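Here the structure is laid out as structure tokens; the discussion comes afterwards.
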């Protein structure tokens, strides 16, 4: 069997490489998402690994969605993900083990993240057995522990210059027994402030800041603050969005209200400021 962790380059395709490495537990392609990327969960002698690629430059298969980005664009995002992973060391970030240059471009090899993916298709959000609902209705203690990790990881990311993009519940892997969070798929984060160059940026509308819909608008730490606040509000209120039902208490609810204000100037200026206010509010609630 091929040892994925010992390679840095191969003339083989990514799929051939992964198939030779062990037992394929799952394949993620045009049937499960529309990015054009192809990924695998593979059981190897070195443990369970998640391998992510940009797919190929071939046309999408019949019935497959046409990706927004071409193969070169997708490769560019993967290289950005590598830069992010190598610039920030935090326990809530997926652990990148190696990058293998294949005939199809880079194959990013991560440790398998523990837990379950919180984001589910919209048709499953009402299912009480889904990870989405089970996390939203978990104990206040568990939810707050996960949200603490979410904010702390983004303080570290901000310190390294990263601004969130396409951060939504589909980036959250949560072990619902231990409360451990792992953040995945941070490919569209940008290093440094930028401007909206798409009109509608990548992302889930439920969590996106107003400026992510406005061509030419600034994208910076206040944008990250908004999206973090939306995630905290969504799950901290058990999906009701009513801050009177927020699981962290009134002071923490006030912090999240400020973080999610439509007017950029009314939000916290940095993730660090948001996290400090959140920590103080959490302490005050006991």
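In the working numbering, the protein residues as written are 39 to 324. Positions of the beta carbon are idealized from the N, C-alpha and C atoms, including for glycine. This one's a predicted model, so the numbers in the text were calculated from it and none came from an experiment.
Please report the distance separating the alpha-carbon of residue i from that of residue j.
{"i": "residue 94", "j": "residue 137", "result": "17 Å"}
{"i": "residue 337", "j": "residue 176", "result": "Examination of residue 337 is not possible in this model, given that the chain is present from 39 through 324 alone."}
{"i": "residue 202", "j": "residue 40", "result": "35 Å"}
{"i": "residue 283", "j": "residue 145", "result": "43 Å"}
{"i": "residue 291", "j": "residue 281", "result": "6 Å"}
{"i": "residue 273", "j": "residue 266", "result": "11 Å"}
{"i": "residue 140", "j": "residue 220", "result": "27 Å"}
{"i": "residue 46", "j": "residue 226", "result": "24 Å"}
{"i": "residue 23", "j": "residue 323", "result": "No answer is possible for residue 23: it lies beyond the span of the chain, which begins at 39 and ends at 324."}
{"i": "residue 309", "j": "residue 55", "result": "40 Å"}
{"i": "residue 90", "j": "residue 256", "result": "30 Å"}
{"i": "residue 162", "j": "residue 189", "result": "26 Å"}
Quick one: using the 10 Å Cβ neighbour count with 16 as the cut-off for buried, is residue i buried or exposed?
{"i": "residue 321", "result": "exposed"}
{"i": "residue 70", "result": "exposed"}
{"i": "residue 104", "result": "exposed"}
{"i": "residue 106", "result": "exposed"}
{"i": "residue 130", "result": "buried"}
{"i": "residue 231", "result": "exposed"}
{"i": "residue 186", "result": "buried"}
{"i": "residue 268", "result": "buried"}
{"i": "residue 195", "result": "buried"}
{"i": "residue 42", "result": "buried"}
{"i": "residue 313", "result": "buried"}
{"i": "residue 59", "result": "buried"}
{"i": "residue 235", "result": "exposed"}
{"i": "residue 142", "result": "buried"}
{"i": "residue 223", "result": "buried"}
Mind checking which residues open and close the alpha helix (DSSP H) that includes residue i?
{"i": "residue 292", "result": "288 to 297"}
{"i": "residue 320", "result": "309 to 322"}
Tell me which residue opens and which closes the beta strand (DSSP E) that residue i is part of.
{"i": "residue 61", "result": "61 to 66"}
{"i": "residue 124", "result": "Careful: residue 124 lies outside any beta strand (DSSP E), inside the alpha helix (DSSP H) at 109 to 125."}
Discussion item. Please give the ranges of any alpha helix (DSSP H) in the region 132 to 212, keeping only runs that are unbroken, at least 4 residues long and fully inside the region.
Written reply: As summarised for the region 132 to 212, the continuous alpha helix (DSSP H) elements at least 4 residues long and confined to that stretch are 169 to 174, 178 to 197, given in chain order.
Fill in: Ordered list of alpha helix (DSSP H) runs contained in the region 237 to 288, each at least 4 residues
Within the region 237 to 288, the alpha helix (DSSP H) runs of at least 4 residues that lie entirely inside it are, in chain order, 259 to 274.
Worksheet item: Taking three-plus beta-carbon pairs below 8 Å as touching, is the region 80 to 100 in contact with the region 162 to 179?
Response: They do not touch, by the three-pair rule.
Worksheet item: So does the region 239 to 247 actually touch the region 192 to 211, counting three or more Cβ pairs closer than 8 Å?
Response: Enough Cβ pairs lie closer than 8 Å, so yes.
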